Amino acid sequence: MGPQPAAFSTSIRRHNTLPQDHLNWIVRIHVDQGDPDSAGYGHLTVARSPRLAGPMTSPNISESLREFIEEAPVARGPHIAFLQHAASELAQGATILDIGAGDAPYRELFGNADYKTCDWDRSIYSPGRPPDIVAPADNVPLPDSSLDAIVSTQVLEHVAEPGLVLEEFYRLLKPKGHLYVTTPLVWYLHEQPHDYYRYTSHGLRYLLNRAGFVNIEIAPMNDAFSTISQLTAHLGYMMGHNPDGYDGRRDIIARTMVEVASLIGSFSDFDTQWILPISFSAEAIRPN
Ligand SMILES: C[S@@+](CC[C@H](N)C(=O)[O-])C[C@H]1O[C@@H](n2cnc3c(N)ncnc32)[C@H](O)[C@@H]1O
Numbered sequence: 055m056g057p058q059p060a061a062f063s064t065s066i067r068r069h070n071t072l073p074q075d076h077l078n079w080i081v082r083i084h085v086d087q088g089d090p091d092s093a094g095y096g097h098l099t100v101a102r103s104p105r106l107a108g109p110m111t112s113p114n115i116s117e118s119l120r121e122f123i124e125e126a127p128v129a130r131g132p133h134i135a136f137l138q139h140a141a142s143e144l145a146q147g148a149t150i151l152d153i154g155a156g157d158a159p160y161r162e163l164f165g166n167a168d169y170k171t172c173d174w175d176r177s178i179y180s181p182g183r184p185p186d187i188v189a190p191a192d193n194v195p196l197p198d199s200s201l202d203a204i205v206s207t208q209v210l211e212h213v214a215e216p217g218l219v220l221e222e223f224y225r226l227l228k229p230k231g232h233l234y235v236t237t238p239l240v241w242y243l244h245e246q247p248h249d250y251y252r253y254t255s256h257g258l259r260y261l262l263n264r265a266g267f268v269n270i271e272i273a274p275m276n277d278a279f280s281t282i283s284q285l286t287a288h289l290g291y292m293m294g295h296n297p298d299g300y301d302g303r304r305d306i307i308a309r310t311m312v313e314v315a316s317l318i319g320s321f322s323d324f325d326t327q328w329i330l331p332i333s334f335s336a337e338a339i340r341p342n
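Residue numbers (the working numbering): 55 to 342.
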């Protein structure tokens, strides 16, 4: 361990003495560096944006999907609207394959379709219902032009050759078939060592275009405050633990970061640019 962190305590709380159209926070951070007067103390009052975001999750989802979303609400919540939109574009009984499905958390959103899953044999997931197809995303044992749609959420960062995977998606889709993917721009390492890339919107468009897709629509899935808030809330997980005697302090830091995250996230509707989303969603079509 490097230099020892100073002893500190923090408190951040929202208080309700102002009208509803203001956010009012007291931020109190005390850092003890041997100087008893080193406490920082501040008030932060911000006018509430008229377009503050509503709840990220739909009320019409199962308890298990809600729990899955709540583990990482900013990263996962916006998937609901994106995939509900995908499902709404599918004809009754259309064939859709969820490639790199993991636990297939979004299965229930495709109740109107013939929804099947695919994951490779090195998956860390053990879903209650095993994948319908066990195969790598760049070599799925289905005939050409056999699917009406493909969904693949948070998978392309895990494949070493994303261009080959997108070519495979193109091969599998029928002409006019739809592809729905999401890819992270920002996230910590996960499912190592198979964690190869993060994607900008432009990189994703380039790859989709090169694979032959048309009508490519790419959108950021959340604002910058929410991104920083989500990552801040997960700092405790990222930091981990170590039997060096400082885990108690790490736990305090982790809890503090959750409160800091709440403060940062409360400003989400002030972001006008959305240039730091956790993920981008992309929809594209295989032409004739
Ligand atoms: C971050 S998880 C996403 C799971 C799920 N799609 C979701 O959004 O919750 C990445 C998934 O991609 C799968 N995966 C990684 N590399 C793969 C490959 N080469 N071929 C097929 N699936 C792969 C993993 O097994 C895992 O299920």
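All C-beta atoms in this analysis are idealised placements derived from N, C-alpha and C, irrespective of residue type, glycine included.
None of these values were measured; they are calculated from a predicted model.
Can you find the residues in the same chain that come closer than 6 angstroms, C-beta to C-beta, to residue i, ignoring five residues on each side of it along the sequence?
i	result
L325	Before going on, a small fix: residue 325 reads as Asp here, not Leu. For D325, where only same-chain residues beyond five positions count, the Cβ hits under 6 angstroms are D277, A278 and F279.
V268	I339 and P341
S199	K228
R176	none
S255	I272 and F334
M275	P132, P331, S333 and S335
Y242	M292
Can you tell me which of the three DSSP states residue i falls into?
i	result
P90	Confidence in P90 is poor, its pLDDT being 40 and thus under 50, which makes the residue's placement too unreliable to answer from.
L218	helix
H139	helix
F324	helix
A315	helix
A126	coil
D301	helix
A308	helix
S333	strand
D75	Legend: pLDDT at D75 = 46, less than 50; position of this residue unreliable, value from coordinates given subsequently. Residue state, collapsed to three classes: coil.
I153	strand
L201	strand
I134	helix
S116	coil
Please go through the same chain and pick out, in chain order, the residues whose beta-carbon is closer than 8 angstroms to the beta-carbon of residue i, but skip the five residues on each side of it.
i	result
N263	I270
E215	D192
Could you tell me whether any non-hydrogen atom of ligand 1 is closer than 7 angstroms to the CB of residue i?
i	result
D186	no
S177	yes
P341	no
Q138	no
Q146	no
G131	no
V213	yes
V209	yes
G182	no
E337	no
D301	no
E245	yes
Beta-carbon separation of residue i and residue j under 8 angstroms?
i	j	result
M293	A308	yes
A167	I272	no
V213	Y260	no
L239	F223	no
D192	L210	no
S206	G154	yes
V128	S320	no
T149	L201	yes
I306	T286	no
Y169	L137	no
Can you list, in chain order, the residues of its chain with a C-beta nearer than 7 angstroms to that of residue i? Leave out the 5 residues immediately preceding and following it.
i	result
L196	L226
A189	C172, W174 and P195
E143	H232
D157	Y179 and P181
Exercise. Residue ranges of each beta strand (DSSP E) run of no fewer than 3 residues wholly in the stretch 209 to 293, ordered along the chain?
Worked result: 227 to 238 and 268 to 274
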